[in-house]
Structures are given as C-alpha cells and as structure tokens.
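Report on the following structure.
Numbering (full-length UniProt numbering), first residue to last: 1 to 572.
Shown next as structure tokens:
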C-alpha cells in the first residue's frame, strides 16, 4: 500500500515556513515511495540520492536563523515544491507500472524532473555556502560606501552573487545594477568582488540569452572594470578564462560592448605574463581589425593591447603576417591623441625588432608618416615613441640621408633639445650626433647649443651627457656656430667648470672634446674667451692627468706662438 500523494499546488504567496513544512512532508513521502518503484529503478536510485542530499540541505536551511527573510527563497521554495510534487506523481506511476502516454514520454518526464531537482539542489547549496542566511539584514542590504568595513563589503558581495546566480531574470538584473554601482562608487571593492564573488559566472553571462542584452552588457562592463581596477582583480579575470570571451565580444559585439572589451583586453595584456594568450586565442587579427574599423575608443585600447604584446616573438611575426603595420601607421596619423601615442609606441617596438620590420615600415611609407606625426603632435609621449622609431630606422643609410637632408626635421630636433623632457632631449641629441647634416642645417639649429651644454651636466638618463657632447661637436664644425657659442657667457662658464678635475659629475673627455671643437678654427676670439674664463690652468691639470684630448686642447688654447715651447716641454 502506498502513502497518499500530495498533489495540490500551493501559490508562491504562501509564507516561507508553510512552504518549508510542505516540502519537508512531501520529501519524506517521496523517500518512502521511491523504495517501492517497479520501473526505471536505476533512475530512481539516482533521484533518491538527490532526495537524501535535499533532505540534508533543507535541515541546514531550517537551522539558519534568518532563512525566511531571504527574498530568493520566495521564488526557490515554490519551484522546489512543484518539482517534488511532480516526482511524487511519477513515483506513484512507477510503482503501478502505469505509464500514461507510454514509457518514452514517462522516461522524458522523469529525466526533466530529475534535472530540475539537481538545479534546486545546486541553488540551495550555493545559498547555504554564501552565509547570507545567517544575517538578519538579508532582505534589503544597503550599498556599502567607501568607508565600509571589509566584513560588510564581503557579505554584500556574497549576497549579491547569490542573487545573481540563483534568482530569475529580475533578480539578475537588479544584482548586476548593484554590482556596477558598487564597483563605480567604491574603488576598493574590486578586489573583494574578484575574490569573494564568482568572476567565472560573470564571464559566462557574456553568452546570456540575447533577449536579456542588458544583463550581458552589465556583465561585460563589470568584467572590464575588474580587469582595469588593480593587479589582483585583473589576475583573477585572466585566470577565470576572461580573455577569450572578451576577444569574442571585441570581434562580434555591439559598439559599446566592443569598447568595454577593448579596455579589459588592454588591461589584461599589460601583464607581460598574459601576452602569450592573445596568440593562443587568435586575438591578433581581432585586435588589428578593431584598430582598423572600431570606434575611436575601441581603436585606442586595441592599439594599447597590441602595444602591450608586440615585443613577444610569436606575436611580432603575427603582426607582420596580418599586415598590422599599415593599420598602425594610419592610426598614428588619423587616430585620437591617445590612439596615436599607442600606435606610435607599437611601431617603435616593431622598428627595433630587426631589419625585416624596418623594411616593412619603410615600404608602407612609414618614414614620411612618422616625420609628419613628429611635426604635428603635441604629445611628449608620442614624440618620444616616434623619435625612437626614427632612430631605429636611421640605421639604414638611405633613411639617414633623408633625415639629414630634411631641414624641417632637423629644426624639430633642435626645438626638442631646447624644450622637450629629458628623454626626448636625449633621443634628439643622439639623432643629431648620428646624422650627417649640411652646414646650412647645422646653422639652422644653432640656438640649441646652449641647451646641449646644459645637458652635458645631467648625469641621467645614462648616455645623455655623451650624446649631448657629440651633437655639440657636430654643430661646432660650422664657424658661425663656434662664434655664437663662444659669445654665450653662461655656456662658456659651464664648459670651463666641467674642465675642473674636482667636478665629478662629467667625464673630463667630454668637455675637452667640445673645447677642441671650439678651437678648431684657430679663432683668437675663442682662445681669449676661454683663457679669460680660466680654461688654461684646468686643461693644464687635465694634461698632467693624461686625460684624452687635453694636451691637444691645451696646445690650441696656447696658440701658434707658444706651440713650439709646449712641444719642447713635453719632449723633456
């Protein structure tokens, strides 16, 4: 004889305790009746195992002090009761071997009910593990502000993700809105969300039903914020497999979603250890296409991502094969200021990668485009990247001749030396020193010589002093430039100070080299200025110290009249 089945369905408006009592009653009957089934015993054995787990979960739920206050249970419990009632009806049919509609239909109904039971078990387990049922304020949680305690923030995040994963569409929508508000209002929340929430679930929402595009958009935006917030949250997004889905969004999503995905991808690839994954996911072509046809924001961040990974060998080759160089060159001219800077940086990296890439850049008229950009750009960062790219390209004799003969470019270098930051000044001085300029071009930038003298006093960045000295020596091959520098009293005094053996900031060979260049024309005016500034005794001391070039400088400073005397003295 079988227990009487409970078939009436109760509305979801029933109080939680009433629903729980009914569930407990039906569950007890099911556990008993499932022992007497005559058909599909294997399936019923699996269901019975699930029912036993459910009994344990219901017991844990009933012992949670504030379980009845949680709004998720107002949806979950009626659905669970309905599933149990359906299983009870099926168990009655199994025990009688009575299958209305046939065995196949019955088997299908049984599998559907078993699957629903598994889903309810998962949701209950998630709810119990979250700990939110032990909090008295589980009905309505106030948004934690910037000054909130960490424990309060942790609880809010756990409750939020519980509602996000268990609830229906409306629960998900409200949970996503709360999550975005939290991430936007509370900067420290990103790490807590990444560690205490379920980032993998957020990423899974990228493929959410298209009818719920708002939830999908919120999920992409949330992951983008997490990826950009800090190293910790960015690492978790990557480890949860976020890069591949983000690349898919960048490839096929709407314009707003592409922009958010590009931001996240740029952030993830800022960690060098993550760069390899771009190639693994086939992301190089996706990023190049985003640089070609995306919105300005998408182009900017896609270029930033390419910049981040361009130095990786396998990706560098992929950039060449996918014809990234013309796209990047075009972006460096036509993009926003930020896009220009990142594209120029990427080009600079490729230009320094070897002769093959320099040839590709030159074939795409990259030299002319970069020279245009350096003339038009107002961004110091962009100018720096372009100068570095041009420096790499100038190893080619033909490129060096073009740069050397371009008066506009040479004038730009002179202006950078006078007005740029130290890095830009260093690169500009290095380029000047390496180019074979005409006397006319050297005269055109004579005004930067005083800046070069000043830069010779700067010990950082490494190599700046040498570059400045060699550039200055190059400019001093022109007589009018020597006359102009020697008239600059401050620059002369600085040069003489640098000759002092006790002045340790500058290697003595550098000012000596400049003095030799100043005196190369035999000008009495130059000698008199240097002598009156006290250069003679300092050069004499440097000669005694056997500093390279000091003897030659001293001989030129003394003039032809005394040259024979010095020669005899040194022989003795």
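Built from N, CA and C at the ideal position, the CB exists for glycine as well.
Under a 10 Å Cβ-count criterion, residue 184 is classified as exposed, with fewer than 16 other Cβ atoms of the shown protein chains found around its own Cβ. Residue burial annotation: residue 368 is exposed, with fewer than 16 other C-beta atoms found within 10 angstroms of its C-beta. Note on geometry: alpha-carbon atoms of residue 358 and residue 547 lie some 40 Å from one another.
When Cβ pairs closer than 8 Å are counted between the two stretches, the stretch 433 to 453 is seen not to touch the stretch 371 to 378, the count staying below three.
Membership of residue 276 in the alpha helix (DSSP H) is indicated by the continuous run 276 to 280. Cβ-Cβ distances below 7 Å link residue 338 to 300 in the same chain, with the five nearest sequence neighbours on each side left out; the list follows chain order.
When DSSP states are grouped into helix, strand and coil, residue 317 belongs to the helix group. Residue 490 is classed as exposed because its beta carbon has fewer than 16 other beta carbons within 10 Å across all chains shown. The beta carbon of residue 17 lies closer than 7 Å to those of 68 in the same chain, with the five residues before and after it left out. Secondary structure of residue 323 (DSSP, three-state): coil. Residue range 41 to 62 is occupied by the alpha helix (DSSP H) that includes residue 46. Residue 487: not part of any alpha helix (DSSP H); DSSP gives it neither H nor E. When rounded, the separation of the alpha-carbon atoms in residue 448 and residue 381 is 21 Å.
Between residue 282 and the set 304, 264, 245, the nearest pair of CA atoms involves 245. Here residue 23 is actually not in contact with residue 34; their C-beta atoms are around 16 Å apart, not less than 8 Å.
A direct Cα-to-Cα measurement between residue 241 and residue 199 gives close to 9 Å. When C-alpha distances from residue 109 are compared across 97, 87, 128, 412, the shortest belongs to 87. In terms of Cα proximity to residue 256, the closest of 287, 277, 269, 224 is 224.
Nearest Cα to residue 221 within the set 205, 280, 121: 205.
DSSP assignment within the stretch 191 to 234 yields the following whole alpha helix (DSSP H) runs of 4 residues or more, N-terminal first: 199 to 204, 213 to 229. Note on geometry: alpha-carbon atoms of residue 493 and residue 413 lie some 25 Å from one another. Boundaries of the alpha helix (DSSP H) harbouring residue 338: 337 to 351, taken from the DSSP string. Spanning the alpha carbons of residue 415 and residue 409 requires a straight line of approximately 10 Å. In chain order, 519, 557, 559 place their CB closer than 7 Å to the CB of residue 527, counting only its own chain and leaving out the 5 sequence neighbours on each side. With contacts defined as CB atoms closer than 8 Å, residue 303 and residue 342 qualify as a contacting pair.
Per DSSP, the unbroken alpha helix (DSSP H) holding residue 418 starts and ends at 407 to 419. Setting aside the 5 residues that flank it on each side, residue 126 is surrounded in the same chain by 162, 165, 166, each with a C-beta closer than 7 Å to its C-beta; the list follows chain order. The Cβ neighbour count for residue 273, taken over all protein chains shown within 10 Å, is under 16; the residue is labelled exposed. Non-local beta-carbon contacts of residue 308 in its own chain, meaning distances under 7 Å to residues more than five positions away in sequence, involve 266, 269, 270, 275 in chain order. Taking 4 residues as the minimum length, the alpha helix (DSSP H) runs contained wholly in the stretch 485 to 527 are 489 to 499, 509 to 518, in order along the chain. For the 8 Å CB-CB criterion, residue 278 and residue 315 form a contact. The C-beta separation of residue 81 from residue 19 comes to about 6 Å, placing the pair in contact by the 8 Å criterion. Annotation for residue 291: 299, 302, 303, 327, 331 place their beta carbon closer than 6 Å to its own, counting only its chain and skipping 5 residues before and after.
A check of alpha carbon separations from residue 450 across 488, 233, 247, 463 identifies 488 as the nearest.
Leaving aside the five residues that flank residue 384 on each side, the residues in its chain whose CB is nearer than 6 Å to its CB run, in chain order, 423, 424.
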